[in-house]
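Trainee:
Number of protein chains: 2
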Amino acid sequence: MLKLMELNDENKKILIKELNERAEEVQGELVVNVTNILSEVRKDGDKALLNFTKEFDKVEIENLEVTDKEIEECFNKVEEKFIKALEEAKKNIEEYHEKQKTKGFLITKEKGVYLGQRVIPIERVGVYVPGGTAAYPSSVLMNVIPAKVAGVDEIIMVTPPDKQGGINPYIGVAAKIVGVDKIYKVGGAQAIGALAYGTETIQKVDKIVGPGNIFVAIAKKLVFGTVDIDMIAGPSEILIVADEKSNPRFVAADLMSQAEHDKLASSILVTTSKKLYEEVEKELELQVKELEREEIIRTSLKNFGRAIICNDIKECIDISNLVAPEHLELMVDNPMEYLGQVRNAGSVFLGRYCPEPIGDYFGGTNHVLPTNGTARFFSALSLDSFIKKSSFLYYSEEAILENGEKIITLANKEGLTAHANSVKVRLS
Amino acid sequence: MLKLMELNDENKKILIKELNERAEEVQGELVVNVTNILSEVRKDGDKALLNFTKEFDKVEIENLEVTDKEIEECFNKVEEKFIKALEEAKKNIEEYHEKQKTKGFLITKEKGVYLGQRVIPIERVGVYVPGGTAAYPSSVLMNVIPAKVAGVDEIIMVTPPDKQGGINPYIGVAAKIVGVDKIYKVGGAQAIGALAYGTETIQKVDKIVGPGNIFVAIAKKLVFGTVDIDMIAGPSEILIVADEKSNPRFVAADLMSQAEHDKLASSILVTTSKKLYEEVEKELELQVKELEREEIIRTSLKNFGRAIICNDIKECIDISNLVAPEHLELMVDNPMEYLGQVRNAGSVFLGRYCPEPIGDYFGGTNHVLPTNGTARFFSALSLDSFIKKSSFLYYSEEAILENGEKIITLANKEGLTAHANSVKVRLS
Chain F
269 MLKLMELNDE
279 NKKILIKELN
289 ERAEEVQGEL
299 VVNVTNILSE
309 VRKDGDKALL
319 NFTKEFDKVE
329 IENLEVTDKE
339 IEECFNKVEE
349 KFIKALEEAK
359 KNIEEYHEKQ
369 KTKGFLITKE
379 KGVYLGQRVI
389 PIERVGVYVP
399 GGTAAYPSSV
409 LMNVIPAKVA
419 GVDEIIMVTP
429 PDKQGGINPY
439 IGVAAKIVGV
449 DKIYKVGGAQ
459 AIGALAYGTE
469 TIQKVDKIVG
479 PGNIFVAIAK
489 KLVFGTVDID
499 MIAGPSEILI
509 VADEKSNPRF
519 VAADLMSQAE
529 HDKLASSILV
539 TTSKKLYEEV
549 EKELELQVKE
559 LEREEIIRTS
569 LKNFGRAIIC
579 NDIKECIDIS
589 NLVAPEHLEL
599 MVDNPMEYLG
609 QVRNAGSVFL
619 GRYCPEPIGD
629 YFGGTNHVLP
639 TNGTARFFSA
649 LSLDSFIKKS
659 SFLYYSEEAI
669 LENGEKIITL
679 ANKEGLTAHA
689 NSVKVRLS
Chain C
269 MLKLMELNDE
279 NKKILIKELN
289 ERAEEVQGEL
299 VVNVTNILSE
309 VRKDGDKALL
319 NFTKEFDKVE
329 IENLEVTDKE
339 IEECFNKVEE
349 KFIKALEEAK
359 KNIEEYHEKQ
369 KTKGFLITKE
379 KGVYLGQRVI
389 PIERVGVYVP
399 GGTAAYPSSV
409 LMNVIPAKVA
419 GVDEIIMVTP
429 PDKQGGINPY
439 IGVAAKIVGV
449 DKIYKVGGAQ
459 AIGALAYGTE
469 TIQKVDKIVG
479 PGNIFVAIAK
489 KLVFGTVDID
499 MIAGPSEILI
509 VADEKSNPRF
519 VAADLMSQAE
529 HDKLASSILV
539 TTSKKLYEEV
549 EKELELQVKE
559 LEREEIIRTS
569 LKNFGRAIIC
579 NDIKECIDIS
589 NLVAPEHLEL
599 MVDNPMEYLG
609 QVRNAGSVFL
619 GRYCPEPIGD
629 YFGGTNHVLP
639 TNGTARFFSA
649 LSLDSFIKKS
659 SFLYYSEEAI
669 LENGEKIITL
679 ANKEGLTAHA
689 NSVKVRLS
């Protein structure tokens, strides 16, 4: 099911071009619709939210805020086994993100100069969580835990109500477990508007994170600047580097775990063994029939499934660096030996027993990763996403007397005489 | 010249609204023009660059790349005093940014699990430096030094040629001093296109930083995603918190150092002393006459100069946190006592002898700061801007046997059976 590409420079270019072109152009009409929704929310607040909920979610809501009682009911609907697994995942994710904490610093100098940098959590964060079939409790963990660990004061979750006006019990349970402060039953572009501008019920936030459909994505782009947003997730990918000793069953299963996400997902096998490739092809056919999302997987592999045979592992990793995949699996012996060669990848899964879904749910690393080649310059969601750094500088009178003339020289050369003047007045 | 606003909740809202509204809407026509320039550069490469240079910069260039000989000539045109000041500034800026280095980490667990995060410099960075009256050597230092310290492999500078086809000697000298790898004589949207897509001469980069005019700003927005970009600088501001002991000469000079940037800049005095405000008003009139940019300063102060009298310093800082100014000066005794109350500010200048221009040129902190209230969630340009963080995760066979069922439970609840399958195949 994977399209075999011969290894040459021309094909490398084609591969990158085909992957990049997955990102769709946004429809102008959609942007107009979303703009209107946002401006109604800005103008009419809660009233607009309730109207849009009636229109789009086909349900009349009385209270936007989810009550403690509703959360209690969520727990009644969910199996103990699920809660236990979620709590253990939370522990692992917290442990990993705790390590991301950064400290400020202070430099002191003679003659009364000091300067430094402080690390300050963002005050209020909004987390969007989709409803329906895309209601992922793991997404609640991955977006909320780093904000919590970073020390954000208040975390507000928005999620669309179901047809009965309730919320998905798995989402409710996940939100309670990670300590979300407030949950509101509102989704779509209107929820993003509420978070960005505030309404009578929902307080304005400083940053919005979390995945959503095309309306949510456009709304996030439009409010960017008024608030900060996380990355807009593009089509995702897995690239597997596998040697001749790799188990084709594992390789096939892992390629499909990415392919099931959507029809634009890309699964790429880069291997030193033609034989492995052939066996993987057979395994794909065998396994795909047993999977619920067979049709999506087949379409995704047909469109964006690729296989490339290389001469050695280094050549495989060179291709991976070119693709800059969201997920990279290094299915080789001693994988740590090769990690230093990996320059561009969102998250790297090492060895033969570490399929990407361990990271999606449980391992501890974050599953919100740079997609569509942006791992060249973007990083996963992390504590960095929920803090800001603010610098400070102190000069004593003695210090400005000593250095003032140099600063005046530099300012004057740029024609900024009022800059120079602010130093001058202190020298006389 | 400052508009005095009484302290009340209504006025706080008005203040924020007036400041936010400074950000102008981008003209649709301009976006079309820039889109065309970008697509011609993408199609015709160097040829397009030379044509646009002829059209916009009114000069015919033969070689885009600046030669060693041209750089040597720059040094001949520049005073020794300037070079010395620049070198000392470079030392201070390096010292500060060295402290921003972050390390990766590794967590090891029993039963063969390890995970962690690596810090990897971005490979190739492009720095835009404006020409003409906005050719600021300090901007070269502030944009290039953090990239250098971060370990970026290659730093490429673009700057428009002057009417004789040369480059601004101060820019040339600054670029040499900080160790830019290559300099090309090309400006405007076409330069951004060259950096984003690459041409025969100019290699494609991964990230573009540096200020520019409206064409450059729009081009940066349009190529965002293909490459990363820094913040788009909006209208800037200074907020000065001053007590009754503050010197009105200093306060007035500092307010104007910001006001001279452009007519949208905002200078805000928040003080516990009505008397100080009145004296500052007199000083503004006295000093402004001596400054080259008198007209810009008068317009800027008239439009966006504000003064608010508060009851105590805490009240002053509350207003500052609301404004989230790019620059905050705390002109009080023992300023460090108040720093912990400052939640939202790009950079804080402490005490009576630390006007903001020390930070613009010399002190060591970065002068590329979040503008127009975005200090609520953005940080200054820093080492973080030139690195990415990549996670990794290893599970042994024993570890997946122990935890596999939990991961399967979580994946199945999300309806992602191919995710579950990638774990299942390893359990049997």
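From first to last, the protein sequence lines are chains F and C. Numbering of the first sequence is given in our numbering, commencing with residue 269 and proceeding in unit increments. Numbering of the second sequence is given in our numbering, commencing with residue 269 and proceeding in unit increments. Note that CB positions come from ideal geometry on N, CA and C, so glycine has one too. Computed from a predicted model, the values in this text were never measured in an experiment.
DSSP three-state call for V491(C): helix, strand or coil?
Mentor: helix
Trainee: Would the region 471-483 of chain C count as touching the region 496-512 of chain C if we require 3 or more Cβ pairs under 8 Å?
Mentor: yes
Trainee: Got a sec, what are the start and stop residues for the beta strand (DSSP E) Q385(F) sits in?
Mentor: Its beta strand (DSSP E) spans residues 381-389.
Trainee: Any beta carbon from chain F within less than 7 Å of G394(C)'s own beta carbon?
Mentor: no
Trainee: In chain C, which residues lie less than 7 Å from K475(F) when you measure between Cβ atoms?
Mentor: F645
Trainee: Please list, in chain order, the residues of the region 335-348 of chain F that have any C-beta partner in chain C closer than 7 Å.
Mentor: none
Trainee: If I measure Cβ to Cβ from M604(F) and keep anything under 8 Å in the same chain, skipping five residues before and after, which residues do I get?
Mentor: L618
Trainee: Which of the residues in the region 512-523 of chain C, read from start to end, lie with their CB under 7 Å from any CB of chain F?
Mentor: R517, F518, A521, D522
Trainee: Which residue wins for smallest C-alpha separation from Q458(C), given the options Y621(C), A316(C), I676(C)?
Mentor: Nearest option by C-alpha distance: A316(C).
Trainee: Any beta carbon of chain F sitting closer than 7 Å to that of K369(C)?
Mentor: no
Trainee: Are the beta-carbon atoms of V393(C) and M425(C) separated by less than 7 Å?
Mentor: Contact: no.
Trainee: In chain order, which beta strand (DSSP E) runs of at least 3 residues are fully inside the region 331-381 of chain F?
Mentor: 373-377
Trainee: Spatial neighbours of M269(C) within its chain, please: C-beta separation below 6 Å, excluding the five flanking residues on both sides.
Mentor: L552, L569, G573
Trainee: Determine, for H687(F), whether the minimum Cβ-Cβ distance to residues of chain C falls below 7 Å.
Mentor: yes
Trainee: DSSP three-state label for G683(C), please.
Mentor: coil
Trainee: Please confirm whether L661(C) has its beta-carbon closer than 7 Å to some beta-carbon of chain F.
Mentor: Answer yes: the Cβ-Cβ gap between L661(C) and chain F drops below 7 Å somewhere.
Trainee: At a Cβ threshold of 7 Å, is K281(F) touching chain C?
Mentor: No, because no Cβ of chain C sits closer than 7 Å to the Cβ of K281(F).
Trainee: For R386(F), which option in K674(F), L695(F), T540(F), F660(F) has the closest C-alpha, if you only look at C-alpha atoms?
Mentor: F660(F)
Trainee: Alpha carbon to alpha carbon, how far is D449(C) from E422(C)?
Mentor: 6 Å
Trainee: With distances taken between CB atoms, is the gap from P503(F) to N640(F) smaller than 7 Å?
Mentor: yes
Trainee: With three or more beta-carbon pairs closer than 8 Å as the criterion, would you say the region 438-457 of chain F touches the region 277-287 of chain F?
Mentor: no
Trainee: Going by DSSP, which residues form a beta bridge with H595(C)?
Mentor: I506(C), S615(C)
Trainee: For a test of the three-state rule: what should DSSP assign to A646(F), helix, strand or coil?
Mentor: Ala is not the amino acid found at residue 646(F); the sequence shown has Phe there. Three-state result, F646(F): coil.
Trainee: Heavy atom of the ligand GDP less than 6 Å from the Cβ of T540(C), yes or no?
Mentor: Among the components modelled here there is no ligand, and therefore nothing to report on the ligand GDP.
Trainee: Can you name the residues of chain F whose CB is closer than 7 Å to the CB of A353(C)?
Mentor: Scanning chain F for C-beta atoms nearer than 7 Å to the C-beta of A353(C) yields K674, T677, L678, reported in chain order.
Trainee: Name, please, each residue of chain F whose Cβ falls closer than 8 Å to the Cβ of V691(C).
Mentor: Under the 8 Å cutoff, chain F gives P623, P625, I626.
Trainee: Does F660(C) come out as helix, strand or coil in the three-state DSSP assignment?
Mentor: strand
Trainee: Enumerate, from N- to C-terminal direction, the unbroken beta strand (DSSP E) stretches of 3 or more residues contained entirely within the region 514-571 of chain C.
Mentor: 534-539
Trainee: Given that V616(C) touches chain F, what residues does it touch there, using C-beta distances under 8 Å?
Mentor: Taking a Cβ-Cβ threshold of 8 Å, the residues of chain F close to V616(C) are S658, S659, F660, L661, in chain order.
Trainee: For D496(C), decide whether its Cβ has a neighbour in chain F, counting only Cβ atoms nearer than 7 Å.
Mentor: yes
Trainee: Got a sec: is the Cβ-Cβ distance from T467(F) to anything in chain C below 7 Å?
Mentor: no
Trainee: Check whether the region 661-668 of chain C and the region 620-627 of chain F touch, using three or more Cβ-Cβ pairs below 8 Å as the test.
Mentor: By the Cβ test, the region 661-668 of chain C is in contact with the region 620-627 of chain F, since at least three Cβ pairs between them sit closer than 8 Å.
Trainee: Let me see if you follow: with CB-CB separation under 7 Å, is E297(C) close to chain F or not?
Mentor: no
Trainee: Between the C-alpha atoms of K431(F) and N279(C), what's the straight-line distance to the nearest angstrom?
Mentor: Going by the C-alpha atoms only, they are around 43 Å apart.
Trainee: Among K543(F), G631(F), E546(F), which has the Cα closest to the Cα of G384(C)?
Mentor: Comparing Cα-Cα distances from G384(C) to each of K543(F), G631(F), E546(F), the minimum goes to G631(F).
Trainee: Count the other CB atoms, across all protein chains shown, that sit within 10 Å of the CB of L637(C); report buried if there are 16 or more and exposed otherwise.
Mentor: If you draw a 10 Å sphere on the C-beta of L637(C), you find 16 or more other C-beta atoms in it, and that means buried.
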